[in-house]
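Protein chains in written order, with this note's numbering: chain A, 59 to 778; chain B, 21 to 172. For every residue, glycine included, the Cβ atom is placed at its ideal position computed from N, Cα and C. Keep in mind the model is a prediction, meaning the values are calculated, not measured. Here the structure comes first, spelled out in structure tokens, and everything after it is commentary.
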Amino acid sequence: MKTVTKASRRDFLKIAGTTAGGLFIGFNWFSCDSPKVEVLSTEEILSQAKSFNSYLSISPTGDVVIYSPNPELGQNIKTSFPMVVAEELEADWEKVRVVQANLDAEKYDRQLTGGSGAMPHSWERLRKAGATAKFVLVAAAAKTWNVPAEEITVEKGIISHKGSGKKGHFGEFVAEAAIMTAPEEVTLKDKKDFKIIGTPVKNVDAKDIYTGKPLYGIDFQREGMKHAMVQRAPFGMKIKSVDDSAARSVSGVTDVVQFGTSVAVVGNTTWPLLKAKKLLKVEYEADGAVESTADHDRLFAELMAKGKAEVKRKDGNVDAAFKSAAKVVTAEYQCPFLAHSPMEPENFFAHVQGDKVELVGPTQTPDRARQETAQLLGIPPENITVEITRLGGGFGRRLRADYVIEAVEVSRAINAPVKVTWSREDELTGGAYRPAVRYRFEAALDANNTLIGYKLRGVGMNAGNTTRENNFPSGAVDNLLIESIEHKSTITTNAWRAPITNFLAYAEQSFLDEVALAAGKDPVDLRMELLNRAKTNPVGELGYDVDRMIGVVKTAAEKSNWGKNPNVKQGFSVYFSHRSYVAQVADIEVQGGSPVLKKVTAVTDCGMVVNPTGANHQVRGGIVDGMGHAMYTNLTFENGVPKQRNFDSYRLIRMKEVPEIDTHFVDSGFDPTGLGEPALPPTGGAIANAIFAATGRRLRSQPFIEQKEFSDIKLEIKRA
Amino acid sequence: MANYNLKINGKSQTVDVEDDTPLLWVLRDNLGLVGTKFSCGIAQCGACTVHVDGKATFSCVTPISSVGNSEVTTIEGLSEEGNHPVQKAWEEVDVAQCGYCQAGQIMNAAAFLKQNPNPSMEEIDNAMNRNICRCGTYHKIREAVALAAKTK
Ligand code: FES
Ligand code: FES
């Protein structure tokens with residue numbers, strides 16, 4: 059079926075005029091109106107490069123340039139967005155060049171990377187952009203050849219008319235296209251005719267990455283630029299006194315400046331700063347609660363027992379259900395703090411000149427960087443430019459602008475362009491963590507082992523709602539209570555890949571396994587029973603599509619040979635987050651008394667897969683991420699300071715610890731949804747459930763290898 | 021401060037830096053060769069891997085005073101056109117997510133394959149275990165190393 063969408067005539071041709079320079083079709087990727095087309099000379103484009111960066115441009119040679127507005131941090135958006143535009147344009151992918159756009163709040167809304175939201179937000183807009191451009195090019199060719207536009211076909215950037223045998227590439231019609239009337243409607247392609255979408259298109263930055271080109275913020279250099287590193291106060295503390303004499307005496311250090319609770323050392327290169335920072339003598343004093351991990355454990359216990367909770371969802375009569383229950387299952391789950399630890403440490407370039415600021419660097423939210431800078435300096439946001447570099451990972455850390463503001467502070471103080479770079483120690487101790495959280499689950503089973511009551515109580519830190527109250531199994535249980543409590547911590551916290559669900563899914567999917575055991579049911583059967591209940595006779599609001607969840611559960615059971623091989627102990631997990639559905643099965647074999655994780659099977663429903671390579675990357679990457687942190691990674695605090703300061707003690711998963719991962723995608727016919735996050739949440743649960751199946755040991759805390767359950771056995775990973 | 025004459029990517033370079041300055045920072049800050057990456061600074065992640073006389077070396081913990089006459093090769097100098105078999109395999113397999121670790125991964129793989137041209141999968145895993153990829157591209161890395169071994 060073809061989709062027809064309205065295009066606005068008003069916005070279509072902004073500047074009508076022909077030049078030899080080429081057709082520059084500017085479109086507003088994100089406004090509700092359809093794309094604008096602007097025709098500008100190359101000179102105009104170049105001279106106004108800053109204000110015209112949301113273009114699809116086509117040169118007289120037929121080369122197509124597509125600007126990609128969202129920050130690229132490995133989610134592959136810089137490849138998949140342009141694929142969608144090129145598809146509808148019928149461009150030759152070989153002739154498409156992709157350019158990262160700078161921040162432009164007028165041309166783009168949602169110029170950010172987070173929440174796996176870019177593709178669902180932009181899918182239709184990108185298609186319209188390509189289709190609209192194709193429309194004018196075809197109209198131009200029809201006029202030039204004096205043939206009906208309907209008889210014209212376009213393939214790989216070549217426009218042809220069969221009847222007359224005429225043929226030409228896009229570039230030849232650029233001039234004529236400029237004076238074409240805008241379409242009232244654009245027709246989008248039938249999905250079955252897609253030629254680029256759905257194919258494994260390679261990363262557009264691949265060559266530059268593999269040859270070491272300066273793509274990342276940390277690579278940015280500018281004539282006269284200073285370097286700076288910052289010493290930050292422990293959480294809950296402020297500066298009492300600073301003795302910087304030893305730091306200043308390090309050769310290569312040009313300045314030491316103080317702002318807020320931070321002290322920055324400034325110099326011409328990085329190494330002297332790493333040395334000087336160690337020589338800073340800063341005394342701190344308490345400025346609020348100075349917390350340690352032991353305090354958190356105590357707070358969790360207290361708040362879980364008698365904290366005042368906010369009720370997030372209440373169905374039926376929970377008290378009555380638990381009173382009448384034949385069996386009650388109760389368990390508590392807890393996870394530690396985690397840092398984001400992108401491989402590229404935080405860094406940013408800032409040049410403050412009077413009331414103007416230039417910012418360059420890795421950010422997931424360029425507009426936030428701009429707004430916070432404007433606020434700090436009391437200048438209009440328009441006076442601030444933000445160039446978005448490629449990001450060496452983000453995982454949510456670069457949603458904050460704290461490290462951008464540091465660069466602005468230092469540049470203002472020293473009146474020079476400066477790049478602030480964090481060391482790994484800074485990154486692990488400098489904050490904005492995935493906060494620790496504790497959950498208590500309670501389940502009531504009747505005499506027939508039917509789940510008649512379900513309670514979830516979450517205690518979090520700075521996390522707002524620690525639950526996802528309308529997610530499965532809500533809707534499948536008559537009597538249900540979901541509540542959340544928050545502790546305000548002085549430790550800075552932030553969204554971390556799949557916020558909340560990165561641990562909630564683990565806890566919930568492990569608990570469902572406990573319920574299945576108590577009920578004497580197979581874990582997959584229990585989930586199917588609940589899903590069928592939610593489908594036929596749902597209780598209250600459902601935040602998920604039951605059929606899509608059933609789809610991935612069934613497919614995962616089938617692809618993993620669930621329960622078929624007695625030598626393989628399996629753990630099941632399924633989760634809906636960020637609009638996508640992912641079911642996973644972990645396979646464990648016991649060898650020499652040790653559980654050996656051999657394989658994870660993952661089945662994903664993210665609607666249509668735009669780029670199979672990218673999709674596989676995100677699913678495998680999410681699983682490796684979820685697995686690594688569940689198994690190995692811990693961040694603990696002593697008096698407001700993390701104890702793990704670098705990768706020697708803050709353990710990240712490595713090559714030898716990764717099992718085989720078998721990925722499958724269910725084609726549910728829906729439009730594409732994002733994949734940066736949804737594959738991570740189910741992983742910990744699948745593995746923990748498999749460990750239980752293999753060893754009878756239930757893991758209710760992370761990281762696994764630090765739990766007492768593993769004090770006498772070794773958890774190993776071996777590829778199948 | 022002292023003058024050091026270095027051989028980097030086949031060229032002679034002179035830098036005036038403190039003796040304890042790690043090769044990593046000389047490359048990045050003094051010579052503008054920013055393809056070699058900083059991530060942990062303590063020999064734990066491999067992002068800063070270069071070749072020193074053909075051997076994969078963590079440049080973040082290699083003081084410049086220890087480099088002497090050794091030949092240093094960085095990702096920029098691994099091949100002229102970016103067509104070293106390992107780079108080609110990386111492109112073919114489409115390894116990168118964020119890409120930040122990949123220069124170090126490629127340099128490690130290139131040195132490893134030189135010394136072990138026909139590795140088993142287990143040997144690949146062992147060799148590549150010293151490089152962290154936070155994005156979790158490990159499956160693709162091993163696939164690309166195996167491909168490079170086959171196609172070189
Ligand atoms: S930066 Fe050298 S090993 Fe990590
Ligand atoms: S690709 Fe991002 S760290 Fe390896």
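Is the segment 709-728 of chain A touching the segment 530-542 of chain A, taking contact as three or more C-beta pairs under 8 angstroms? No contact exists between the segment 709-728 of chain A and the segment 530-542 of chain A.
If we count the other Cβ atoms within 10 Å of its Cβ and call it buried at 16 or more, is Q122/B buried or exposed? What you label residue 122/B is simply residue 102 of the second sequence in a count that begins at 1. Residue environment: Q122/B is assigned as buried (16 or more neighbouring CB atoms within 10 Å of its CB, all protein chains considered).
Using a cut-off of 8 angstroms between C-beta atoms, extract the partners of G679/A located in chain B. Here residue 679/A refers to the residue found at position 621 of the first sequence. Per Cβ cutoff of 8 angstroms: Q117, C155, G156, T157.
Going straight from the alpha carbon of D40/B to that of K284/A, what length do you get? In the second sequence, the residue the question calls residue 40/B occupies position 20. In the first sequence, the residue the question calls residue 284/A occupies position 226. D40/B and K284/A have their alpha carbons spaced roughly 21 angstroms apart.
Does D49/B come within less than 8 angstroms of chain A when only Cβ atoms are used? Here residue 49/B is taken as the residue at index 29 of the second sequence, counted from 1. So, interface residue.
In its own chain, which residues sit with a C-beta less than 7 angstroms from the C-beta of A389/A, not counting the 5 before and 5 after it? Along the first sequence, one-based indexing puts residue 389/A at 331. So the qualifying residues of the chain are F499, F569, E572, R758.
Roughly how many angstroms separate the alpha carbons of N595/A and T257/A, rounded to a whole number? Here residue 595/A corresponds to residue number 537 of the first sequence, with the count starting at 1. Here residue 257/A corresponds to residue number 199 of the first sequence, with the count starting at 1. Roughly 40 angstroms between the two C-alpha positions.
Flag D706/A as yes if its beta-carbon sits less than 8 angstroms from any beta-carbon of chain B, otherwise no. Position 648 of the first sequence, counting from 1, holds the residue named residue 706/A. Yes, contact with chain B.
So does the segment 172-180 of chain A actually touch the segment 278-292 of chain A, counting three or more Cβ pairs closer than 8 angstroms? They do not touch, by the three-pair rule.
Using DSSP with H/G/I as helix, E/B as strand and the rest coil, what is P400/A? As a position in the first sequence, residue 400/A is number 342, starting the count at 1. In this structure, P400/A counts as coil in the three-state DSSP scheme.
Hey, which residues come within less than 6 angstroms of ligand 1, measuring from Cβ to any heavy atom, in chain order? Listed along the chain, these residues meet the criterion: F58/B, S59/B, C60/B, G61/B, A63/B, Q64/B, C65/B, G66/B, A67/B, C68/B, F78/B, C80/B.
Hey, out of V232/A, M238/A, A235/A, A198/A, whose CA is closest to H219/A's CA? Position 161 of the first sequence, counting from 1, holds the residue named residue 219/A. Residue A198/A is the option with its Cα nearest to H219/A.
Where does the unbroken alpha helix (DSSP H) through I135/A begin, and where does it stop? Working through the first sequence from its first residue, we reach residue 135/A at position 77. That run of the alpha helix (DSSP H) goes 135-147.
I need the residues with a C-beta less than 6 angstroms from some heavy atom of ligand 2; please give them in chain order. The set, ordered by position in the chain, is G132/A, M401/A, G451/A, A116/B, Q117/B, C118/B, G119/B, Y120/B, C121/B, Q122/B, C153/B, R154/B, C155/B, T157/B.
For the segment 61-77 of chain B, which residues have a CB atom closer than 7 angstroms to at least one CB atom of chain A, in sequence order? Within the segment 61-77 of chain B, those residues whose Cβ lies closer than 7 angstroms to any Cβ of chain A are, in chain order, G61, I62, Q64, C65, A67.
Under 8 angstroms between beta-carbons, which chain A residues line up against T94/B? List them in chain order, please. Stepping through the second sequence from its first residue, residue 94/B is reached at position 74. Neighbours of T94/B on chain A, chain order: G270.
Can you tell which of K57/B, T157/B, A130/B, A169/B has the C-alpha that lies nearest to the C-alpha of G102/B? Position 82 of the second sequence, counted from the first residue, corresponds to residue 102/B. Taking the Cα of G102/B as reference, the smallest distance to any Cα among K57/B, T157/B, A130/B, A169/B is reached at A130/B.
Give me whichever residues DSSP pairs with H636/A in a beta bridge. Taking the first sequence and counting its residues from 1, one reaches residue 636/A at position 578. DSSP lists no partner for H636/A.
Using DSSP with H/G/I as helix, E/B as strand and the rest coil, what is I116/A? Here the question's residue 116/A lines up with position 58 in the first sequence. Reduced to three states, the DSSP call for I116/A is strand.
Can you tell me whether D73/B is buried or exposed? The criterion is at least 16 other CB atoms within 10 Å of its CB, across all chains shown. Here residue 73/B corresponds to residue number 53 of the second sequence, with the count starting at 1. D73/B is classed as exposed because its beta carbon has fewer than 16 other beta carbons within 10 Å across all chains shown.
Contact list for S481/A against chain B, beta-carbon separation under 9 angstroms: Taking the first residue of the first sequence as 1, we reach residue 481/A at position 423. Residues of chain B whose Cβ lies closer than 9 angstroms to the Cβ of S481/A are, in chain order, F58, C60, G61.
Looking at the secondary structure, which residues open and close the beta strand (DSSP E) in which T443/A lies? Translated into the one-based positions of the first sequence, residue 443/A becomes position 385. Judged by DSSP secondary structure, T443/A falls within the beta strand (DSSP E) whose first and last residues are 442-446.
When the Cα atoms are used, what is the spatial distance from E102/A to Q169/A? Your numbering for residue 102/A matches position 44 in the first sequence. Your numbering for residue 169/A matches position 111 in the first sequence. Any reading at E102/A is ruled out, since the residue's pLDDT is 38, under 50, leaving its predicted position unreliable.
Going by the beta-carbon positions, is the gap between A379/A and N537/A smaller than 8 angstroms? In the first sequence, residue 379/A corresponds to position 321, counting from 1. In the first sequence, residue 537/A corresponds to position 479, counting from 1. Against a cut-off of 8 angstroms, the Cβ pair of N537/A and A379/A comes out as a contact.
Alpha carbon to alpha carbon, how far is G732/A from I73/A? Give it in angstroms, no decimals. Taking the first residue of the first sequence as 1, we reach residue 73/A at position 15. Taking the first residue of the first sequence as 1, we reach residue 732/A at position 674. Confidence is the limiting factor: at I73/A the pLDDT is only 28, short of 50, which leaves the residue's position unreliable and the question unanswerable from this model.
Between which two residues does the beta strand (DSSP E) carrying L338/A extend? Here residue 338/A corresponds to residue number 280 of the first sequence, with the count starting at 1. Per DSSP, L338/A belongs to no beta strand (DSSP E) and is neither H nor E.
Which one of N149/B, C60/B, W110/B, F58/B has the shortest CA to CA distance from T171/B? Your numbering for residue 171/B matches position 151 in the second sequence. Looking at the Cα atoms, W110/B is the closest of the given residues.
Going along the chain, which residues of its own chain have a beta-carbon closer than 8 angstroms to the beta-carbon of N326/A, five neighbours each way excluded? In the first sequence, the residue the question calls residue 326/A occupies position 268. Counting only Cβ-Cβ distances below 8 angstroms, and skipping sequence neighbours, we find K284, H285, G310, T312.
Any C-beta of chain B under 8 angstroms from that of F762/A: Looking up residue 762/A in the first sequence gives position 704. With 8 angstroms as the cut-off, F762/A does not count as an interface residue toward chain B.
Per DSSP, I297/A is paired with what? In the first sequence, counting from the first residue as 1, residue 297/A sits at position 239. BP columns for I297/A point to Y342/A.
Once you ignore the five residues that flank G346/A on each side, which residues in its own chain have a CB closer than 6 angstroms to its CB? Taking the first residue of the first sequence as 1, we reach residue 346/A at position 288. Answer for G346/A: G294, T548, listed in chain order.
What would DSSP say about E96/A, mapped onto helix, strand or coil? On the first sequence, position 38 is the one that residue 96/A refers to. With a pLDDT of only 39 at E96/A, under the threshold of 50, the placement of this residue in the model should not be trusted; the figure read from the coordinates follows. Of the three classes helix, strand and coil, the one that applies to E96/A here is strand, per DSSP.
Determine the direct distance from the alpha carbon of E243/A to that of M59/A, and round the result to whole angstroms. Numbered from its first residue, the first sequence carries residue 59/A at position 1. Numbered from its first residue, the first sequence carries residue 243/A at position 185. Residue placement at M59/A cannot be trusted, given a pLDDT of 34 that sits under 50; what the coordinates show is reported in the next sentence. The straight-line gap separating the alpha-carbon atoms of M59/A and E243/A is approximately 16 angstroms.
Does the Cβ of S635/A have 16 or more other Cβ atoms within 10 Å, making it buried, or fewer, making it exposed? Here residue 635/A refers to the residue found at position 577 of the first sequence. Result: buried.
Looking at the secondary structure, which residues open and close the beta strand (DSSP E) in which V314/A lies? Within the first sequence, residue 314/A is the residue found at index 256, counting from 1. Residues 311-317.
Please classify D213/A as buried or exposed, where buried requires at least 16 other C-beta atoms within 10 Å of its C-beta. The residue given as residue 213/A occupies position 155 in the first sequence. In the sequence as displayed, the identity of residue 213/A is Glu instead of Asp. Flag for E213/A reads exposed.
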